[in-house]
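This note's numbering applies: residue 9 is where the first sequence begins, and numbers increase by one.
Don't be surprised by glycine CBs; every beta carbon is placed ideally from N, CA and C.
Okay, so here's the structure we're looking at.
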Amino acid sequence: MVQEEMRKGPWTEQEDVQLVFYVKMFGDRRWDFLAKVSGLKRSGKSCRLRWVNYLNPALKRGKMTPQEELLVLQLHSKYGNRWSKIAGKLPGRTDNEIKNYWRTHVRKQAQDEKKNTNKASVSPSSSNFSNCSSSSANSPAEDSSTERNDCVELLQVAGENKIYEGDEQNMMVYSMDEIWKEVESTEEIETRNDLPVMASTTWDYNYCPDSLWTSTHDHCYFDNHQDFSFFTG
DNA sequence: AATGAATGCAACCGCAGCAGA
DNA sequence: TTCTGCTGCGGTTGCATTCAT
């Protein structure tokens with residue numbers, strides 16, 4: 009049998025239109041089937057990826073908001089590199105997007121940190137902030153039953169880019185800079201010890217109840233508000 | 001204005017888990 | 001129970017754009 013040559017690389021607008029049409033017709037399952045019936049010279053895998061990461065109308069476009077950034081931080085400390093899990097808590101964001109975001113920003117942060125370290129030989133990481141992470145023995149993948157047992161309150165004031173932690177007497181406030189430094193320092197530890205990223209138990213996730221969020225991987229798409237006319241011009 | 005570096009993002013690859021035959 | 005195909009996930013790569021010099 010002659011295997012039909014599969015297309016690779018960037019998708020054309022025409023391919024997008026075609027894929028959207030067939031997903032609308034058959035749903036976003038059975039990607040191999042979809043790839044075949046659509047006539048696209050793409051693998052089912054490729055079609056799925058294109059849909060999930062780009063064409064899905066439920067997706068949010070544009071920069072991450074500070075709230076989202078904070079949430080990613082918190083969730084990463086909880087789940088580690090479980091991007092799909094994290095994406096599930098961020099409606100309209102894909103695992104790929106979050107993964108890219110994380111890599112970019114952690115890398116940037118690491119570079120900034122390096123610069124700072126070169127300037128000042130004294131490490132700033134002796135803050136009480138790093139205490140809480142280094143004292144944590146939980147891995148990000150630790151089961152959630154223990155995750156919520158910490159007797160700390162974790163609140164986020166919208167738009168303020170700070171985490172408020174602790175009880176009324178011992179309230180601590182962390183800026184995003186501190187958070188990033190913490191992330192960076194934990195990553196260094198990970199690199200050195202070949203251990204998973206230590207979850208800061210105090211970064212528990214509890215200001216956004218799960219019920220408020222719907223997974224981007226849930227089977228829901230094409231609500232009536234979607235308008236694809238721009239595809240067809 | 002040119003060009004090299006840095007950054008952001010889309011897409012691919014390989015693997016694991018799951019479901020159905 | 002085993003096999004096979006499909007789906008989803010995480011890691012990685014490569015290209016396009018933006019920025020700095």
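- In this structure, the straight-line span from the alpha carbon of K93 to that of Y87 is close to 7 Å.
- For R50, the closest C-alpha among the options D24, E77 and N104 is that of D24.
- Contact between S46 and Y30 holds: CB atoms are separated by about 4 Å, below the 8 Å threshold.
- Setting aside the 5 residues that flank it on each side, L48 is surrounded in the same chain by E23, Q26, L27 and C55, each with a C-beta closer than 7 Å to its C-beta; the list follows chain order.
- Linking G52 to T20 through their CA atoms gives a straight-line distance of about 16 Å.
- Between K68 and G100, the gap from beta carbon to beta carbon is short of 7 Å.
- Taking each of L83, G96, E105 and P18 in turn and checking the Cα distance to K71, the smallest one comes out for E105.
- Per DSSP, reduced to three states, the secondary structure at M72 is coil, with no helix or strand assignment.
- Annotation: the continuous alpha helix (DSSP H) that includes V28 extends over E21 to F34.
- Taken through DSSP and simplified to helix, strand or coil, A66 comes out as coil.
- Shown here, E105 sits in a helix according to DSSP, grouped into three states.
- Judged by DSSP secondary structure, S54 falls within the alpha helix (DSSP H) whose first and last residues are G52 to R58.
- R37 and D103 have their C-alpha atoms roughly 18 Å apart.
- For G96, the uninterrupted alpha helix (DSSP H) run begins and ends at W91 to G96, by DSSP.
- In this structure, K107 sits near W91, with a CB-CB distance shorter than 7 Å.
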